[in-house]
Amino acid sequence: MSERLLSSVNSDYNNDLHNWAEIERQVTNIAWAGFTHTQWIHDWEGEYLYSASEMFQVRDLLRSVGVKAHSIHASEGGRRTIRVNGRPVFRNRTRLADIRKDYTSVNEYTRLAGVDLLKNRVDLCSHIGASVMVLHMQLPYEMFEKNPADKEEYYRQVCKSFDELRDYAKAAGVRVALENLICTPPCHQEEEFERMFDRYDEEFLGFCFDSGHGSLMCRDNYYYFLEKYYKRMYATHLQDNDSISEELAGDDSEVLLHDKHRPPFTGVLDWEKIADYAAKAPLQLPADFEVGIYGSTPEEEMEGLRDCREKAERFYRMVQQRREA
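Numbering (this note's numbering), first residue to last: 4 to 328.
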C-alpha cells in the first residue's frame with residue numbers, strides 16, 4: 004500500500020470571523036478537501052483567551068472530521084493592522100498604547116498579561132495535540148532608530164517574558180517559532196533573530212518561514228531568512244505572491260495589499276529551492292500552507308481548496324524525495 008501524502012492548511016483559509024459556525028464550516032471543508040492536518044490560526048491576533056471548554060471544543064471538532072492539529076498561530080496581543088477608508092494600515096512602527104496583553108510592554112502588568120496570553124496558547128497546543136506555536140514579534144523599529152535605549156528596554160522586556168514562558172512551553176512539549184514579517188525592515192528582523200536564537204536553545208525557540216513575506220521584504224534574495232535559519236525551522240507559512248516593486252515597497256499599505264497568500268506554485272517563488280531547505284530543516288511534515296481560498300459559490304471555494312491540497316501534496320512529495328535521496 005502506498006504511503007498517504009500529507010498536507011496542511013490554515014484553519015482560517017476563508018475568513019477570520021469570530022463565529023463558531025464559520026470556524027466549523029472551514030474545518031469541515033478542510034477535511035472534505037482531503038487535507039490531513041491544519042495549523043489552527045483562528046484568533047491569531049487580538050487578546051482573546053480560550054477557556055478550557057473551548058480548547059476541548061477545538062480538539063473534538065478536529066477529531067470528528069479526522070484532521071490533525073499540526074501547529075497553531077499564537078497572538079502577541081492587540082491588532083497591529085487596521086483598515087482606514089478601506090485600506091490596510093500598519094500601526095506598529097512605534098509602540099502602541101491600546102494593547103492590554105503585550106509580552107513586550109514596559110508596563111509590568113500589561114507584560115504579564117501578555118505572557119498569560121502566550122501560556123493560554125501553549126495550553127491550546129496541549130489540548131489539541133499541536134507541537135509548535137508560531138508567534139509574531141512586531142518591532143517598533145522607528146522607536147529603535149530614534150533612541151537605542153528604547154530598543155534595549157524593549158528586548159529586556161521580551162526576554163523577561165520568554166524566560167517566564169520557556170519552562171512552561173518545554174513542560175508541555177511545545178516549541179515557539181518566530182516568524183519573519185512584513186512591514187519591518189530585514190535588518191531589524193535579523194537582529195531580532197540573532198538576539199533571540201543566541202539567548203534561547205533550539206528545544207524552546209525556533210523559526211517559522213513565511214515565504215510570501217520573504218518575497219516582499221527581502222527582494223534581493225527572497226530566501227535570505229530561510230537560508231540563514233533553516234536549521235531552526237520548525238514551522239512554515241507557505242504562500243506565494245508576485246513580490247512588489249521598489250517604488251511601492253516603502254508604503255506599508257501597498258505591502259499589505261501585495262501579501263496575497265496565494266497557494267504555492269502560483270507566483271514568483273522557487274519551490275524547488277524552498278523544498279531543498281525544508282528537507283534539511285528539522286521541520287516535521289507536512290509543511291503548513293497559509294493561504295486565502297475564496298469563491299463566488301461554495302463549489303468554487305471547494306474546488307480552490309482541493310487544488311490547494313494537491314499543491315500541498317506536491318510539496319510534501321518534493322521534500323520527502325529529497326530526504327530519502
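Idealized CB from N, CA, C, for every residue including glycine. All values derive from a computational prediction rather than experimental measurement.
Item, Value
"Could you round the C-beta distance between Leu181 and Met140 to whole angstroms and report it? I think they count as a contact, below 8 Å.", "6 Å"
"Classify Lys154 as helix, strand or coil using the three-state DSSP reduction.", "helix"
"Does DSSP classify Val92 as helix, strand or coil?", "strand"
"Where DSSP assigns a beta bridge to Arg178, which residues make up the other side?", "Val135"
"Quick check on Val109: buried or exposed, where buried means 16 or more other Cβ atoms within 10 Å of its Cβ?", "exposed"
"Return the chain-ordered list of same chain residues with a C-beta closer than 8 Å to the C-beta of Met305, the five sequence neighbours on each side being excluded.", "Asn32, Trp35, Ala36 and Gly298"
"Identify which residue in Asn183, His130, Val125 and Glu230 has its Cα closest to the Cα of Leu142.", "Asn183"
"Could you say which of Gly81, Pro289 and His73 lies nearest to Glu50 if we only look at CA atoms?", "Gly81"
"Going by C-alpha distance, which of Asp201, Val12, Arg96 and Glu155 is nearest Glu188?", "The sequence given here has Pro at residue 188, not Glu. Measuring from the Cα of Pro188, the nearest candidate turns out to be Arg96."
"Distance check for Ala328 and Lys276, CA to CA, integer angstroms please.", "16 Å"
"Which of the three DSSP states is assigned to Leu283 in this structure?", "In the sequence on display, residue 283 carries Lys and not Leu. Note: Lys283 maps to helix in three-state DSSP."
"So, under 8 Å CB-CB, Arg226 and Gly217 are touching, yes? Tell me the CB distance rounded to an integer number of Å.", "One detail in the question is off: residue 226 reads as Tyr in this sequence, not Arg. At roughly 6 Å, the Cβ-Cβ gap stays under 8 Å, so Tyr226 and Gly217 are in contact."
"Is the beta carbon of Ser164 less than 7 Å from the beta carbon of Tyr106?", "yes"
"Residues bridged to Thr41 by DSSP?", "Val12 and Ala72"
"What number of angstroms, rounded off, separates the C-alpha of Asp273 from the C-alpha of Gly209?", "23 Å"
"Can you give the Cα-Cα distance for Phe207 and Tyr232, rounded to whole angstroms?", "15 Å"
"Looking at the structure shown, is Leu272 part of a helix, part of a strand, or coil, going by DSSP?", "coil"
"Helix, strand or coil for Leu241, going by three-state DSSP, please let me know.", "strand"
"Looking only at its chain, what residues have a beta carbon closer than 7 Å to the beta carbon of Cys162, apart from the 5 residues adjacent to it on each side?", "Arg202"
"Give the DSSP-derived three-state secondary structure of Thr113 in the structure shown.", "helix"
"Measuring CB to CB, does Leu9 end up less than 7 Å from Thr39?", "yes"
"Identify, in the order they occur along the chain, each residue of the same chain with its Cβ nearer than 7 Å to the Cβ of Asn18, setting aside the five sequence neighbours on each side.", "Glu25"
"Mind checking Val177: buried by the 16 CB within 10 Å criterion, or exposed?", "buried"
"Does the Cβ of Val87 have 16 or more other Cβ atoms within 10 Å, making it buried, or fewer, making it exposed?", "exposed"
"For a quick check, are the C-beta atoms of Ala175 and Val125 less than 7 Å apart?", "yes"
"Can you tell me the Cα-Cα spacing of Phe212 and Phe228, whole angstroms?", "7 Å"
"Please state whether DSSP places Met321 in a helix, a strand or coil.", "helix"
"Skipping 5 residues on each side, what residues in its chain have a beta carbon closer than 6 Å to that of Asn13?", "Gln42, Ile44 and Glu293"
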